[in-house]
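Following: one structure in structure tokens, then a few remarks.
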Amino acid sequence: MPKVVAAGLGTREGGGVIDRVEVNGAEADNEDLKVLARANYSHFSSMQVRDRAVRGLDLHLKRLDDSTRELFGTGLDADRVCSVVRHALHASPDAVTLRVTVFSRHQDAVLRGEDVEPDLAVTTSAPITARTSPVRLRTVEYERDLPHVKHAGTFGLSLRRRRAVLAGYDDMLFTDRNGRISEASISNIGFFDGERVIWPEAAVLPGITMQLLQRGLAAKGIPSDRREIHLRDLGVWASDALALAAFLSNSISPAVPVAGIDEAALTVDPDVRDLLVNCYETNPWQTV
């Protein structure tokens with residue numbers, strides 16, 4: 001039987017070890033791995049692959065292209081991405097966790113502002129099963145650099161996540177300098193008020209799963225709004241058990257219930273989670 005270990009918001013089979021790394025469609029050599037270990041100027045997108053298909057593949061490709069234009073000054077051809085992903089999947093089982101990282105072997109040239117075609121690294125590892133059990137979050141004021149880009153600069157959020165776990169929480173929840181709730185360490189947060197899903201109006205990563213949930217909600221005629229949410233709002237909502245349910249979403253888990261934020265206890269309603277998962281699953285698997 002494969003070993004199963006905790007993996008944040010999911011359960012990973014096989015111990016969480018990366019099985020394979022390819023760079024530009026070939027197995028990575030020692031020099032590639034050395035460059036990747038130092039590549040802090042990079043961005044990526046992570047996804048669950050089943051039978052060589054991905055939910056929201058079009059959104060992952062758009063994210064990678066948009067972020068490459070912003071960080072490297074050039075677009076990223078979708079056919080190129082799909083080609084290296086397909087090559088990596090030939091050596092992988094039918095169910096994997098896959099990550100595409102855009103970086104450069106010539107990072108110094110990139111930082112000098114020179115035009116350099118970016119390199120693509122594809123890593124595969126064991127699949128992760130979505131978490132369903134509720135989590136408790138600890139708030140901390142923190143704003144990520146370039147929050148709309150899924151980039152490699154994760155030290156600050158990793159440090160704060162570790163501190164939250166050491167304090168007895170499952171994860172942390174960011175607030176910005178104005179006290180607005182934004183996002184968790186590797187997840188978007190959403191709230192359900194009984195009629196609509198409310199997403200924080202703040203500087204956040206537009207997560208792929210969040211976008212898929214928005215598509216599914218719209219298809220079912222359920223409103224999905226953005227508005228400013230402050231910590232002081234939680235007490236008002238939490239006073240009425242039917243008024244609020246909160247959840248986290250990321251590439252592993254579409255709807256993890258939030259049982260509490262700091263000292264505020266929130267409603268955990270299985271029906272809300274089922275509704276959100278159903279909305280998410282209306283999105284088709286797209287073959288790479």
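Okay, so the sequence shown: first residue is 1 according to UniProt numbering, each after it adds one. C-beta: ideal position from N, C-alpha, C; glycine also. Remember, predicted model here, so these are calculated numbers, not experimental data.
(message) Let me confirm a value: residue 166 is counted as buried when at least 16 other C-beta atoms fall within 10 Å, else exposed. Which label applies?
(response) Classification of residue 166: exposed, given that the 10 Å Cβ count is below 16.
(message) Restricting to runs no shorter than 4 residues, where is the alpha helix (DSSP H) found entirely within the segment 64-128?
(response) As far as the segment 64-128 is concerned, its whole alpha helix (DSSP H) runs of at least 4 residues are 78-90, 107-111.
(message) Can you tell me whether residue 198 is helix, strand or coil according to DSSP?
(response) The three-state secondary structure of residue 198, taken from DSSP, is strand.
(request) Answer yes if the segment 20-38 comes into contact with the segment 117-125, meaning at least three C-beta pairs across the two stretches below 8 Å, and no otherwise. (result) Under the three-pair Cβ rule at 8 Å, the segment 117-125 counts as touching the segment 20-38.
(request) Mind listing, in chain order, the continuous beta strand (DSSP E) runs of no fewer than 3 residues lying wholly within the segment 135-202? (result) Counting whole runs of 3 or more residues, the segment 135-202 contains the beta strand (DSSP E) stretches 135-141, 171-175, 181-184, 188-192, 197-200.
(message) Taking a contact to mean a Cβ-Cβ separation below 7 Å, would you say residue 162 touches residue 172 in this structure?
(response) No. Outside cutoff.
(request) Grab me the residues of residue 288's own chain with a C-beta within less than 8 Å of its C-beta, minus the 5 sequence neighbours each way, in chain order. (result) 49, 52, 53, 54, 57, 82, 85, 86, 89.
(request) Using beta-carbon positions only, say whether residue 119 and residue 133 come within less than 7 Å of one another. (result) When the beta-carbon positions are compared, residue 119 and residue 133 stay at least 7 Å from each other.
(message) Tell me the rounded alpha-carbon separation between residue 180 and residue 198.
(response) Their backbone Cα atoms lie some 13 Å apart in a straight line.
(request) Can you give me the Cβ contacts of residue 254 inside the same chain, cut-off strictly under 6 Å, excluding the 5 residues immediately before and after it? (result) Cβ contact annotation for residue 254 (same chain, cutoff 6 Å, sequence separation greater than five): 209, 277, 280, in chain order.
(request) Quick one: give me the first and last residue of the beta strand (DSSP E) that residue 222 is part of. (result) Counting along the chain, residue 222 sits inside no beta strand (DSSP E), nor does DSSP assign it H or E at all.
(message) Does the structure place the segment 64-72 close enough to the segment 131-150 that three or more beta carbon pairs sit under 8 Å?
(response) A contact exists between the segment 131-150 and the segment 64-72.
(request) For residue 48, write down the residues that DSSP places opposite it in a beta bridge. (result) Paired residue(s): 97.
(request) Determine the contact status of residue 267 and residue 248, defining contact as a CB-CB distance below 7 Å. (result) No, they are not a contact pair.
(request) Give the DSSP-derived three-state secondary structure of residue 243 in the structure shown. (result) Because the pLDDT of residue 243 is 48, which lies under 50, any placement of that residue in the model is unreliable, and the question is left without a value.
(request) Compute the Euclidean distance between the alpha carbons of residue 43 and residue 35, then round it to the nearest angstrom. (result) The alpha-carbon of residue 43 is positioned some 14 Å away from that of residue 35.
(request) Spatial neighbours of residue 196 within its chain, please: CB distance less than 7 Å, with the 5 preceding and 5 following residues excluded, ordered by chain position. (result) The beta carbon of residue 196 is closer than 7 Å to those of 222, 223, 224, 225 in its chain, skipping five residues each way along the sequence.
(request) Between the Cα of residue 218 and those of 258, 283, 136, 61, spot the shortest distance and give me the residue it belongs to. (result) The shortest C-alpha separation from residue 218 is found at 283.
(request) Specify the secondary structure class of residue 273 as computed by DSSP and reduced to three states. (result) If DSSP states are grouped into helix, strand and coil, residue 273 belongs with the helices.
(request) Can you say whether residue 158 is buried or exposed, counting buried as having 16 or more other CB atoms within 10 angstroms of its CB? (result) Taking all protein chains shown into account, residue 158 has fewer than 16 neighbouring C-beta atoms within 10 Å of its C-beta and is therefore exposed.
(message) Tell me the residue span of the beta strand (DSSP E) that contains residue 19.
(response) In the DSSP annotation of this structure, the continuous segment of the beta strand (DSSP E) that includes residue 19 starts and ends at 18-23.
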